[in-house]
Amino acid sequence: NKTEGLDYERHRINRLHEETTRIQKKTYTNWINAHLRKANMEVVDLYKDLQDGTRLMKLMELISRANLGKPNQARLRVQKIENVGRALSYIKTKASRAPKMFEHAKPLSF
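Residue numbering for the sequence shown follows UniProt numbering, beginning at 1 and increasing consecutively.
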């Protein structure tokens with residue numbers, strides 16, 4: 001039956017996509033932690049632990065040797081957004097000079 005075959009293929013594609021996402025998440029987490037350990041910090045859940053921007057700012061400082069300033073306490077949503085924004089602004093200003101280390105990597109799917 002064609003529909004059963006299509007359903008099987010869709011299911012297989014979804015499983016492969018989930019596995020790829022899991023591997024990418026683990027790879028990025030390990031890479032981030034290799035740097036954050038220098039500051040006695042770590043990321044356990046990539047999606048949650050970068051949300052408030054504090055670890056993201058520290059990561060940018062560690063890999064670039066720049067000083068992004070003290071992050072907000074990140075208790076309020078607006079403070080978290082500001083922290084993430086500061087890290088992303090820094091990345092944007094340095095993007096043209098940054099090494100293209102992930103140029104062949106597929107983006108994470110959230």
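Backbone N, C-alpha and C define an ideal beta-carbon position, used for all residues, glycine too.
Taking the Cα positions, M57 is about 20 Å away from K26. Residue environment for R55: buried (at least 16 other C-beta atoms within 10 angstroms of its C-beta).
In this structure, DSSP gives G69 a state outside helix and strand, which the three-state scheme calls coil. For R37, there is no enclosing alpha helix (DSSP H), since its DSSP letter is neither H nor E. For Q51, the three-state secondary structure derived from DSSP is coil.
Of all C-beta pairs linking the segment 73-84 to the segment 26-41, fewer than three are shorter than 8 Å, placing the two stretches out of contact.
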